[in-house]
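As structure tokens, the structure follows; a few thoughts come after it.
Structure (structure tokens):
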């Protein structure tokens, strides 16, 4: 199940409790920096200008080849952007990593609003292992307020979730379908559970809950508006929360933005957490660059004061 894989990444094994590391087991690569939502809790709100370009495919081919040779086993075809905004590139990337490089596990997270049935079936045909939906609003009113876009996307997302299940079942595809939801508070949870029971859980293999992350402290800008307090850093999923320090994001999973920059943070939208440009250096050189190694040393000391991570971790109290 997906929670087993998530827990295996968020729990830092002893072999990865060092500043200089072997290749991560998993890497998320941003196919496109664009997203059709404007979620109040998302780090993408920090991007003053929404990126207009997608990941350069030759760059994608080179860095994923380097990753496979270094020992990476899992590729996520997303980071912060919505990958279905570039469906043709998404399919090309999937075909490359699954059929050419033979990655054992390729996964994708989407808000479901743009995942048209024909595109979903194409991805399933190409061998996508996991497709997870992010469902974070209980009704159209809350959707418009939090996601910042028309309620029509709320209705379309629910239809696409249902249709993806029908495609998977009818075509006999092996793609696993999952969903996650942010648990804001008790009242929100009750509303969400009713929606999920009717429109999501019947059409996925597993659903799980997430806390509201601080998103590299970006969520603080909207905390007063939304009325919810984020957790410290990225502590994983509810039911298996991890200590904020050392943060697993800097140790067990790589994160590459659509411009080719390797980031130390799974919430890096504005470049504050950038370590190296993969247009210029190989993946493993960037993964163990002096800047990355120094930050990991701070995490291992459990003292990130004076580093780019200090504001995010400030929520630990």
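Residue numbers (our numbering): 1 to 317.
Glycine included, C-beta positions come from ideal geometry on N, C-alpha and C.
Beta-carbon proximity check, residue i vs residue j, cutoff 8 angstroms
i, j, result
"residue 55", "residue 89", "yes"
"residue 173", "residue 124", "yes"
"residue 72", "residue 13", "no"
"residue 257", "residue 268", "yes"
"residue 345", "residue 294", "Residue numbering for the chain in the displayed model covers 1 to 317; residue 345 lies beyond these limits and cannot be assessed."
"residue 245", "residue 281", "no"
Best match in the options for proximity to residue i [C-alpha to C-alpha]
i, options, result
"residue 121", "147, 175, 156 and 148", "175"
"residue 86", "102, 57 and 67", "57"
"residue 322", "188, 170 and 135", "It is not possible to answer for residue 322, since the shown part of the chain is limited to 1 through 317."
"residue 78", "301, 254 and 310", "254"
"residue 177", "15, 8 and 131", "131"
"residue 70", "283, 300, 246 and 304", "283"
"residue 6", "159, 209, 67 and 32", "209"
"residue 91", "304, 32 and 143", "32"
"residue 194", "8, 139, 66 and 38", "139"
"residue 37", "288, 183, 152 and 276", "152"
Local Cβ density within 10 Å of residue i, reported as buried at 16 or more and exposed below that
i, result
"residue 30", "buried"
"residue 145", "exposed"
"residue 129", "buried"
"residue 306", "exposed"
"residue 298", "buried"
"residue 296", "buried"
"residue 53", "exposed"
"residue 260", "buried"
"residue 188", "buried"
"residue 137", "buried"
Contact set for residue i: own chain, Cβ-Cβ below 8 angstroms, skip 5 residues either direction
i, result
"residue 49", "Because residue 49 carries a pLDDT of 49, less than 50, the predicted location of this residue cannot be relied on, and the following value inherits that uncertainty. Around residue 49: no qualifying Cβ."
"residue 4", "none"
"residue 288", "20 and 21"
"residue 302", "245 and 246"
Beta-carbon contacts of residue i that lie in its chain and below 7 angstroms, excluding the five residues immediately before and after
i, result
"residue 98", "106, 126 and 127"
"residue 163", "117"
"residue 250", "264, 295, 296 and 299"
"residue 95", "126"
"residue 157", "111, 112 and 113"
"residue 68", "101 and 103"
Own chain, CB closer than 6 angstroms to residue i, minus 5 neighbours either side, in chain order
i, result
"residue 104", "73"
"residue 1", "206"
"residue 274", "261 and 263"
"residue 66", "282 and 283"
"residue 182", "136, 210 and 212"
"residue 203", "161, 162 and 165"
"residue 150", "none"
Residue i to residue j span [Cα, whole Å]
i, j, result
"residue 154", "residue 76", "24 angstroms"
"residue 272", "residue 170", "45 angstroms"
"residue 278", "residue 59", "8 angstroms"
"residue 215", "residue 312", "For residue 215, the pLDDT reaches just 47, beneath the cut-off of 50, and the residue's location in the model is therefore unreliable, although a value from the coordinates is still provided. Rounded to whole angstroms, residue 215 to residue 312 spans 7 angstroms at the Cα level."
"residue 81", "residue 27", "15 angstroms"
"residue 318", "residue 148", "In the structure as shown, the chain starts at 1 and stops at 317, and residue 318 therefore has no counterpart that could be examined."
"residue 190", "residue 180", "15 angstroms"
"residue 308", "residue 168", "43 angstroms"
"residue 201", "residue 64", "33 angstroms"
"residue 205", "residue 17", "33 angstroms"
"residue 15", "residue 252", "10 angstroms"
"residue 292", "residue 266", "14 angstroms"
"residue 133", "residue 161", "8 angstroms"
"residue 19", "residue 290", "10 angstroms"
"residue 35", "residue 196", "23 angstroms"
"residue 219", "residue 212", "Below a pLDDT of 50, predicted positions are generally treated as unreliable, and residue 219, at 47, falls in that range; the measurement from the model is reported next regardless. So the two alpha carbons sit approximately 9 angstroms from each other."
"residue 84", "residue 142", "23 angstroms"
"residue 159", "residue 115", "10 angstroms"
"residue 119", "residue 276", "33 angstroms"
"residue 62", "residue 310", "33 angstroms"
"residue 8", "residue 192", "27 angstroms"
"residue 186", "residue 93", "40 angstroms"
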